[in-house]
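Numbering (our numbering), first residue to last: 10 to 369.
Below is one structure, written out as structure tokens, with a few remarks after it.
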């Protein structure tokens, strides 16, 4: 009995081993709850973004937090209803039309008059399996549209949970502190350690990804509108979701955008779209990312693609969005790379200096 007690005490005193055990237990629980992963992730994202918004407004306007939270959620629910009634049918219709148009273009490339362009397009279609690329790039959108019932329930539950958490933020904090002084306080203190690290890494990265995706979508959609590209709603939705995928999203979005551009304005529009995507990518890499410095992971492109592939295999479609933030969290926990230290010792290149001057 004494040996067991001594062993237990040594285990509690060994912080690294204890925290590693707690982390593995958390991973096991999340794996068992993987069917609820959409609800869990949406709850975390909603809670994080809305809590920060509430605190930001509260620091400038002295409105009671409960009233502020209720107003924000009423606006969110109103916006969801408005989008569902007015725009969701249009988005679905435009999605079907865009897919049909792209498949028709794939099936009849010989209608292209310019022989050099026709040869290039035929080579592209043959070597890059364009239909699968088109389906893959729009898979995220149509998976939500076709499973609107399941997604709707998950979103409703996430909004409800995040609403009560934000509404009772002080009470939740006060009650949660009681766990730290309980019999298994060490266990909950380790959970608190991982929760703080998770919010610092995953939370900040996913928040920055959303803001960057909004900026990318707005700029690209305005450019496409100026070019008079049809089916703009479905393309804007596609660009937004693909912008949430680091690195690979830009590459994937190029395929349907260039094909749509060619059908509207020929090879000239393809060049325009390449230039637009390149400028947006430069803006993201050298202006938006440095502005959200804590979101800059500095992962090599090889590691980013490997993480995306593994994340997609484990988490499905969600893995394309959350795998890089989760990997950043693990790097911080393992002591490989602290998110607060990223970018401090990196000297800006000539492109970064030029972009900073342009957007100063």
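C-beta: ideal position from N, C-alpha, C; glycine also.
Exposure label - residue i; buried when at least 16 CB within 10 Å
{"i": "residue 92", "result": "exposed"}
{"i": "residue 287", "result": "exposed"}
{"i": "residue 167", "result": "buried"}
{"i": "residue 18", "result": "exposed"}
{"i": "residue 240", "result": "buried"}
{"i": "residue 211", "result": "buried"}
{"i": "residue 75", "result": "exposed"}
{"i": "residue 68", "result": "exposed"}
{"i": "residue 45", "result": "exposed"}
{"i": "residue 335", "result": "buried"}
{"i": "residue 78", "result": "buried"}
{"i": "residue 338", "result": "buried"}
{"i": "residue 278", "result": "buried"}
{"i": "residue 309", "result": "exposed"}
{"i": "residue 252", "result": "buried"}
{"i": "residue 325", "result": "exposed"}
{"i": "residue 343", "result": "exposed"}
{"i": "residue 26", "result": "exposed"}
{"i": "residue 379", "result": "This structure leaves residue 379 out entirely; the chain is present only between 10 and 369."}
{"i": "residue 184", "result": "exposed"}
Distance, residue j Cα to residue i Cα
{"i": "residue 175", "j": "residue 280", "result": "47 Å"}
{"i": "residue 182", "j": "residue 189", "result": "11 Å"}
{"i": "residue 289", "j": "residue 42", "result": "38 Å"}
{"i": "residue 205", "j": "residue 236", "result": "46 Å"}
{"i": "residue 217", "j": "residue 162", "result": "26 Å"}
{"i": "residue 170", "j": "residue 51", "result": "10 Å"}
{"i": "residue 249", "j": "residue 87", "result": "21 Å"}
{"i": "residue 16", "j": "residue 23", "result": "11 Å"}
{"i": "residue 226", "j": "residue 243", "result": "12 Å"}
{"i": "residue 194", "j": "residue 35", "result": "16 Å"}
{"i": "residue 95", "j": "residue 85", "result": "15 Å"}
{"i": "residue 231", "j": "residue 327", "result": "27 Å"}
{"i": "residue 180", "j": "residue 265", "result": "49 Å"}
{"i": "residue 273", "j": "residue 238", "result": "7 Å"}
{"i": "residue 58", "j": "residue 200", "result": "21 Å"}
{"i": "residue 314", "j": "residue 245", "result": "24 Å"}
{"i": "residue 65", "j": "residue 213", "result": "15 Å"}
{"i": "residue 347", "j": "residue 73", "result": "36 Å"}
{"i": "residue 340", "j": "residue 98", "result": "42 Å"}
{"i": "residue 63", "j": "residue 13", "result": "49 Å"}
{"i": "residue 229", "j": "residue 291", "result": "13 Å"}
{"i": "residue 28", "j": "residue 54", "result": "25 Å"}
{"i": "residue 284", "j": "residue 317", "result": "26 Å"}
{"i": "residue 321", "j": "residue 330", "result": "9 Å"}
{"i": "residue 20", "j": "residue 31", "result": "12 Å"}
{"i": "residue 259", "j": "residue 234", "result": "19 Å"}
{"i": "residue 196", "j": "residue 38", "result": "15 Å"}
{"i": "residue 102", "j": "residue 247", "result": "14 Å"}
Start and end residues, alpha helix (DSSP H) containing residue i
{"i": "residue 234", "result": "213-235"}
{"i": "residue 243", "result": "241-252"}
{"i": "residue 318", "result": "310-324"}
{"i": "residue 279", "result": "276-292"}
{"i": "residue 330", "result": "328-342"}
Beta carbon proximity, residue i to chain C, threshold 8 Å
{"i": "residue 37", "result": "In the structure shown, chain C does not exist; there is a single protein chain."}
Next on the checklist: In chain order, what are the residue ranges of uninterrupted alpha helix (DSSP H) at least 4 long that sit wholly in the region 166-197?
Outcome noted: 178-189
Item to check | Residue ranges of each alpha helix (DSSP H) within the region 13-97, 4 or longer | outcome: Runs of the alpha helix (DSSP H) lying entirely within the region 13-97 and spanning at least 4 residues, in chain order: 24-41, 46-69 and 74-91.
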